[in-house]
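Participant: Okay, here's the structure, questions in a sec.
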């Protein structure tokens with residue numbers, strides 16, 4: 024068992040992905056404040072209402088987690104494709120495919136079926152539907168060089184019209200003709216014990232599915248050959264091909280898995296979080312998932328926490344009405360955060376510069392203290408503790424000097 | 000309804016649908032030819048729709064203010080607004096060397112959210128409907144020509160002709176001037192152009208800003224011709240992405256995109272007006288609706304293989 028390496032070389036810290044993400048969040052919220060100020064409202068009251076709306080009692084916490092469920096799964100979907108160098112912005116369409124499959128099964132499968140078997144069938148079927156939907160984009164990319172961003176958008180709208188066609192054809196609610204018939208609770212992902220525990224919130228089994236998927240995706244990406252191959256294709260396609268990895272196959276597999284994850288999100292959304300589907304409605308969550316993945320630096324654990332953060336924003340905004348701030352402020356903040364994560368170079372540079380100047384200041388202090396002590400060693404020979412001690416002493420010395 | 004009358008009612012609508020896509024695709028052409036991948040045409044066009052709608056509604060509410068002047072000012076405001084938004088993308092893509100696909104997506108989301116946010120503050124609902132758009136007019140003399148007259152010169156919008164003029168000027172600018180050569184070279188071999196003393200960053204800024212301007216016009220055209228309202232719910236239905244697809248289908252060439260956008264315009268007409276024609280009445284709305292998007296996918300399958308994309312598009316310099 025090797026111990027932790029203590030003798031790291033003395034150098035300035037580098038900006039970690041966490042600090043970059045947090046700065047993006049900070050800037051996003053700052054931009055949100057600016058917008059709220061522009062329309063002459065109080066931003067602090069606004070954010071207080073958001074937190075109140077998202078977290079003030081068990082029911083609201085449950086709702087927030089229910090909303091986060093979709094975001095976790097879509098974040099995973101986008102991140103998984105990202106690792107293979109693909110940009111999946113078709114999560115909305117894949118969600119719709121998963122949702123319509125789940126809703127139709129809920130309508131047509133017999134009610135007296137054992138619940139475990141029913142859930143297994145629904146989950147597998149809707150994941151398969153999304154996998155097919157994602158696979159189409161992957162196939163077009165691999166075989167015909169069709170850019171996946173354009174093809175997934177086209178498939179989004181195709182799915183939108185498929186749902187538009189299927190709802191009145193198969194599962195229409197006779198009283199409201201633009202919606203599907205509400206699914207019986209026994210055929211959704213909701214569980215009595217969760218509902219009781221969280222005061223009739225929208226939280227459901229999906230949340231646990233999402234956590235399981237976080238672990239599974241982490242395992243696939245970090246511990247399996249498949250994950251390694253996919254990441255190699257994402258890092259450098261030509262290098263991967265040279266190493267004997269089947270690039271085209273990897274692209275198709277990656278998109279299929281991404282599609283399956285997004286459609287699982289659709290299942291939890293339409294047959295858990297809600298129990299109806301509406302005609303002519305494109306779920307916004309597909310795009311929020313991109314923000315989740317980017318903010319979480321495409322790692323499952325990061326995605327989990329960033330999804331909870333966005334869940335708070337999206338659920339909490341419902342309480343904004345009292346303050347007169349339009350609820351779209353949440354979407355504005357999310358979009359700003361993505362913009363800043365896309366331009367993370369500027370944030371990383373900012374922090375690196377800050378760390379470097381602090382380190383150089385400490386170095387100067389350290390030298391001053393070493394001179395005072397008559398220590399003739401070079402800076403490289405010092406240990407971290409000595410360096411810090413000298414730097415502290417040097418700071419005091421320099422203060423006296425002034 | 001005879002075959003001929005179906006054609007004469009489809010073609011003018013198809014042209015109306017084509018023009019916004021053409022402007023978006025032309026904007027994308029400028030941007031990608033200068034070496035910046037631009038996936039935010041959708042967002043820029045939506046921003047154009049919104050700012051034109053907000054301006055025109057305010058102006059048309061003033062008693063005695065000329066409707067035509069209001070529309071012209073609306074279009075100019077839309078151009079300026081989309082130009083400003085495109086600067087965000089240019090800054091991220093050119094100065095910060097950000098991932099251009101992500102930056103473009105961020106702009107799209109930002110545009111959706113900000114326009115809805117502002118629409119809520121202005122009107123209190125997600126929609127802004129203008130009182131009156133452009134009135135369709137027959138071109139004197141030309142509309143009397145048999146065959147061509149009823150197809151191309153009857154019940155046209157004046158914006159159509161302005162946009163076609165812009166298209167023609169763009170072709171001239173890109174292919175017949177040294178500026179155009181430099182801009183295109185920036186998208187192929189930026190280092191070579193830089194060594195010849197051209198400021199690549201400046202050229203790319205011009206490319207992205209041109210895409211902002213043109214998408215703004217495109218968005219304004221959607222509003223003042225067939226849509227008549229800014230609708231937050233449906234946005235512009237992926238028209239900006241159709242424009243990008245048209246750009247690929249048209250192989251990044253002005254004449255190519257004119258053809259491909261007309262094809263998509265035709266598809267959109269069939270999707271939106273299908274129910275009017277007895278030929279399509281038996282087809283369910285859902286299938287008609289997905290037709291343009293499926294047609295786009297199929298078109299892309301045939302055109303993406305041997306892609307003529309600018310070599311350095313998407314590569315930071």
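Chains as they are written, first to last, in this note's numbering: chain A, 24 to 425; chain B, 0 to 316.
Note that the Cβ used here is the ideal one computed from N, Cα and C, for glycine as well.
Report yes or no: do the stretch 23-30 of chain B and the stretch 223-242 of chain B share at least 3 C-beta pairs separated by less than 8 Å?
Facilitator: yes
Participant: Quick check: what's the CA-CA separation for residue 291 (chain B) versus residue 263 (chain B)?
Facilitator: 7 Å
Participant: Nearest to residue 227 (chain B) by CA position, among B:44, B:129, B:265, B:53, is which residue?
Facilitator: Nearest of B:44, B:129, B:265, B:53 to residue 227 (chain B), Cα basis: B:129.
Participant: From this set, A:424, A:368, A:367, which residue's C-alpha is nearest residue 392 (chain A)'s C-alpha?
Facilitator: A:424
Participant: Which partner residues of residue 230 (chain B) appear in the DSSP bridge assignment?
Facilitator: Residue pairing by DSSP places residue 230 (chain B) opposite B:126 in a beta bridge.
Participant: Which residues of chain B have a Cβ atom closer than 8 Å to the Cβ of residue 362 (chain A), listed in chain order?
Facilitator: 87, 91, 102, 105, 106, 109
Participant: Against chain B, which members of the stretch 177-189 of chain A pass a CB distance test of less than 9 Å?
Facilitator: 177, 178, 179, 180, 181, 182, 183, 184, 185, 186, 187, 188, 189
Participant: Is residue 224 (chain A) buried or exposed, if buried means 16 or more other CB atoms sit within 10 Å of its CB?
Facilitator: Counting Cβ neighbours within 10 Å, residue 224 (chain A) comes out buried, since at least 16 surround it.
Participant: Work out the CA separation of residue 369 (chain A) and residue 144 (chain A) for me, nearest whole Å.
Facilitator: Across the structure, residue 144 (chain A) and residue 369 (chain A) are spaced so that their CA atoms are roughly 47 Å apart.
Participant: For residue 2 (chain A), which residues in chain B fall below 8 Å Cβ to Cβ?
Facilitator: Beyond the ends of chain A as shown, which are 24 and 425, falls residue 2 (chain A); an answer cannot be given.
Participant: Going by beta carbon distance, what residues of the same chain come within less than 6 Å of residue 81 (chain A), once the five residues before and after it are set aside?
Facilitator: 221, 222
Participant: With a threshold of 8 Å between beta carbons, is residue 221 (chain B) in contact with chain A?
Facilitator: Taking Cβ atoms only, chain A never reaches closer than 8 Å to residue 221 (chain B), which makes this a no.
Participant: Taking the alpha-carbon positions, what's the residue 47 (chain A) to residue 363 (chain A) distance?
Facilitator: 5 Å
Participant: With respect to the alpha helix (DSSP H) encompassing residue 201 (chain B), which residues constitute its N-terminal and C-terminal limits?
Facilitator: For residue 201 (chain B), the uninterrupted alpha helix (DSSP H) run begins and ends at 199-221, by DSSP.
Participant: Under 8 Å Cβ-Cβ, which residues of chain B neighbour residue 401 (chain A)?
Facilitator: Chain B residues near residue 401 (chain A): none, gap ~36 Å exceeds 8 Å.
Participant: So, with DSSP's three-state summary, where would you put residue 25 (chain A)?
Facilitator: Low local confidence applies: a pLDDT of 45 at residue 25 (chain A) is under 50, so the model's placement there is unreliable, and no value is given.
Participant: What ranges does the alpha helix (DSSP H) occupy inside the stretch 226-310 of chain B, keeping only unbroken runs of at least 4 residues that lie completely in it?
Facilitator: 238-248, 253-272, 284-303
Participant: Give the residues from the stretch 365-377 of chain A that approach chain B closer than 8 Å (Cβ to any Cβ), ordered along the chain.
Facilitator: 365, 366, 367, 368, 369
Participant: Return helix, strand or coil for residue 155 (chain B), following the three-state DSSP convention.
Facilitator: strand
Participant: From residue 6 (chain B) to residue 180 (chain B), what does the alpha carbon distance come to, in whole angstroms?
Facilitator: Going from the Cα of residue 6 (chain B) to the Cα of residue 180 (chain B) covers about 40 Å.
Participant: Please classify residue 73 (chain B): is it buried, with 16 or more other beta-carbons within 10 angstroms of its beta-carbon, or exposed?
Facilitator: If you draw a 10 Å sphere on the C-beta of residue 73 (chain B), you find 16 or more other C-beta atoms in it, and that means buried.
Participant: Using the beta-carbon of each residue, which ones in chain B are nearer than 8 Å to residue 168 (chain A)?
Facilitator: 303, 304, 306
Participant: Does the stretch 103-116 of chain A come close enough to the stretch 238-255 of chain A that 3 or more CB-CB pairs lie under 8 Å?
Facilitator: By the Cβ test, the stretch 238-255 of chain A is in contact with the stretch 103-116 of chain A, since at least three Cβ pairs between them sit closer than 8 Å.
Participant: Report yes or no: is there a C-beta of chain B within less than 8 Å of the C-beta of residue 44 (chain A)?
Facilitator: no
Participant: Which residues, in order along the stretch 104-120 of chain A, keep a beta-carbon less than 7 Å from a beta-carbon of chain B?
Facilitator: 110, 112
Participant: Starting from residue 217 (chain A), follow the alpha helix (DSSP H) in both directions and report where the run begins and ends.
Facilitator: 215-220
Participant: Does the beta carbon of residue 354 (chain A) sit closer than 8 Å to a beta carbon anywhere in chain B?
Facilitator: yes
Participant: Using a C-beta to C-beta distance shorter than 8 Å, which residues of chain A count as neighbours of residue 244 (chain B)?
Facilitator: Identification of chain A residues near residue 244 (chain B) by a Cβ-Cβ cut-off of 8 Å yields 173, 177, ordered along the chain.
Participant: For the stretch 297-330 of chain A, list every residue whose C-beta sits within 7 Å of some C-beta in chain B, in sequence order.
Facilitator: 310, 313, 317
Participant: Please list the segments of the beta strand (DSSP E) lying wholly inside the stretch 40-103 of chain B, counting only runs of 3 or more residues, in order along the chain.
Facilitator: Runs found: none.
Participant: Residue 195 (chain A) by DSSP, collapsed to three states: which one?
Facilitator: Residue 195 (chain A) sits in a strand when the DSSP states are folded into three classes.
Participant: Could you name the residues of chain B that residue 359 (chain A) contacts, counting a contact when the two beta carbons are closer than 7 Å?
Facilitator: In chain order: 109.
Participant: Let me confirm a value: residue 25 (chain A) is counted as buried when at least 16 other C-beta atoms fall within 10 Å, else exposed. Which label applies?
Facilitator: Summary for residue 25 (chain A): the model assigns pLDDT 45, below 50, so the residue's position carries little reliability, and this model does not support an answer.
Participant: Among the residues of its own chain, which have a CB less than 8 Å from the CB of residue 234 (chain B), if the five just before and after it don't count?
Facilitator: 41, 45, 111
Participant: Nearest-angstrom Cα distance between residue 217 (chain B) and residue 321 (chain A)?
Facilitator: 35 Å
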